[in-house]
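What follows is one structure encoded as structure tokens, with my remarks underneath.
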Amino acid sequence: MKVTVVGAGNVGASCAEYIAQKSIASEVVLLDIKEGFAEGKALDLTQTATTLGFNTKINGVTNDYTATAGSQVVVITSGIPRKPGMTREELIGINAGIVKSVSDNILAHSPNAIIVVVSNPMDTMTYLALKSTGLPNNRVIGMGGALDSSRFKTYLSKALNCPPNDVQGMVIGGHGDTTMIPLTRLASYNGSPVSQFLSQETLEKVAADTMVGGATLTKLLGTSAWYAPGASVAYLVDSILNDQKRMIPCSVMLDGAYGESDICIGVPVLVGRNGVEAIIDVKLNDEEKDKFKASANAVRSMNAALDQILNN
């Protein structure tokens with residue numbers, strides 16, 4: 028099984044590393060536009076194979092899409108982060124051009140690939156990839172909810188002082204500091220609601236910390252995070268390639284689910300060999316429904332900026 032990761036920066040390289048270490052795919056292709064960059068990352072990663080005990084083949088190429096032919100899954104991490112003084116429209120305009128070009132080039136060589144979008148603003152870039160390629164809804168997936176949920180569970184485990192894998196929880200809505208919705212009401216600790224162990228005040232702090240999880244790391248690191256994003260992508264790719272049918276919150280096209288249509292936004296889905304195999308209807312209460320509606324409106328505002336750029 029073959030996976031291509033477009034963009035050999037921190038997130039892309041981490042994604043390739045985790046896929047190789049866990050032997051999720053037999054081959055990983057790293058592609059970047061910077062001469063020699065992907066080749067160097069691939070060689071460095073390959074030199075860990077004997078010490079870490081994996082046999083995944085890792086190839087790096089500079090803008091050579093022929094090397095990606097036959098990929099079952101393609102991960103798009105390429106794009107630029109928002110810089111000081113840059114408007115939302117400028118960021119969307121630059122990254123939209125990158126995502127559209129990458130999608131077209133990928134499908135020319137891997138027409139049956141499932142596309143996983145990481146580039147920001149992620150919900151809008153997922154929408155763009157889906158609309159510009161004409162692919163069926165199940166074959167374009169934004170990974171943001173998987174990452175946001177991993178951060179949510181981390182903060183819950185810290186508050187509970189328990190092992191992270193004893194906690195279950197999910198984040199839905201848009202992949203943004205003000206649009207994501209940590210579902211504290213449904214979170215559990217080994218099957219029991221976390222509200223039995225944590226006060227409402229603590230749960231509100233956990234939710235708030237989750238929502239600024241990315242910004243917190245950017246402030247600490249001076250750049251965007253990469254370990255957790257790379258691991259979240261690998262987790263999603265594993266569920267696709269190995270038909271795990273995991274329930275993972277992802278940004279997908281809605282056609283009536285959760286009262287929304289013609290929008291890509293985070294909801295829980297079953298992820299398997301066919302990509303999105305089902306959208307799971309989690310019964311939200313009225314407060315959560317209101318938050319989801321507000322989140323969808325914010326994502327639509329971002330999409331409107333995209334439409335304006337593409338139509339000018």
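For my numbering, add 27 to where a residue sits in the sequence shown, where the first one is 1.
All C-beta atoms, glycine included, are put in the ideal place defined by N, C-alpha and C.
DSSP three-state call for residue i: helix, strand or coil?
{"i": "residue 130", "result": "helix"}
{"i": "residue 137", "result": "coil"}
{"i": "residue 324", "result": "helix"}
{"i": "residue 122", "result": "helix"}
{"i": "residue 93", "result": "helix"}
{"i": "residue 329", "result": "helix"}
{"i": "residue 86", "result": "strand"}
{"i": "residue 41", "result": "helix"}
{"i": "residue 67", "result": "helix"}
{"i": "residue 210", "result": "coil"}
{"i": "residue 48", "result": "helix"}
{"i": "residue 54", "result": "strand"}
{"i": "residue 215", "result": "strand"}
Can the beta-carbon of residue i be found less than 9 Å from the beta-carbon of residue j?
{"i": "residue 33", "j": "residue 102", "result": "yes"}
{"i": "residue 237", "j": "residue 209", "result": "yes"}
{"i": "residue 326", "j": "residue 201", "result": "yes"}
{"i": "residue 258", "j": "residue 45", "result": "yes"}
{"i": "residue 197", "j": "residue 295", "result": "yes"}
{"i": "residue 199", "j": "residue 80", "result": "no"}
{"i": "residue 240", "j": "residue 285", "result": "no"}
{"i": "residue 233", "j": "residue 319", "result": "no"}
{"i": "residue 276", "j": "residue 175", "result": "yes"}
{"i": "residue 83", "j": "residue 117", "result": "no"}
{"i": "residue 58", "j": "residue 143", "result": "no"}
{"i": "residue 87", "j": "residue 123", "result": "no"}
{"i": "residue 260", "j": "residue 173", "result": "yes"}
{"i": "residue 222", "j": "residue 230", "result": "yes"}
Identify, in the order they occur along the chain, each residue of the same chain with its Cβ nearer than 8 Å to the Cβ of residue i, setting aside the five sequence neighbours on each side.
{"i": "residue 268", "result": "28, 30, 51, 52, 99, 100 and 300"}
So, is residue i buried or exposed, given that buried needs 16 or more other C-beta atoms within 10 angstroms?
{"i": "residue 308", "result": "exposed"}
{"i": "residue 150", "result": "buried"}
{"i": "residue 163", "result": "exposed"}
{"i": "residue 191", "result": "exposed"}
{"i": "residue 287", "result": "buried"}
{"i": "residue 61", "result": "exposed"}
{"i": "residue 217", "result": "exposed"}
Consider the Cβ of residue i: report whether some Cβ of chain B lies at a distance smaller than 9 Å.
{"i": "residue 67", "result": "Protein chains in the displayed structure number just one, and chain B is not present."}
Taking 7 Å as the limit between beta carbons, can you name the residues of its chain near residue i, skipping five residues before and five after?
{"i": "residue 297", "result": "272, 274, 304, 305 and 307"}
{"i": "residue 291", "result": "150, 153, 154, 157, 169, 278, 279 and 280"}
{"i": "residue 136", "result": "92, 93, 95 and 96"}
{"i": "residue 252", "result": "241 and 244"}
{"i": "residue 129", "result": "33, 103 and 105"}
{"i": "residue 302", "result": "141, 165, 166, 168 and 267"}
Using 8 Å as the cut-off, classify the Cβ of residue i as near or not near the heavy atoms of the ligand PLP, replying yes or no.
{"i": "residue 107", "result": "Of ligands this structure carries none, so the ligand PLP is not represented either."}
Leaving out the 5 sequence neighbours to the left and right, which residues in its chain are closer than 6 Å to residue i when beta-carbon positions are compared?
{"i": "residue 69", "result": "57, 85, 86 and 87"}
Uninterrupted alpha helix (DSSP H) stretches inside the segment 140 to 191 (no shorter than 4 residues)
For the segment 140 to 191, whole alpha helix (DSSP H) runs of length 4 or above, ordered along the chain, are 149 to 160 and 171 to 187.
Could you tell me which whole alpha helix (DSSP H) segments of length 4 or greater appear in the segment 226 to 312?
Complete alpha helix (DSSP H) runs here, min 4: 227 to 238, 240 to 248 and 254 to 268.
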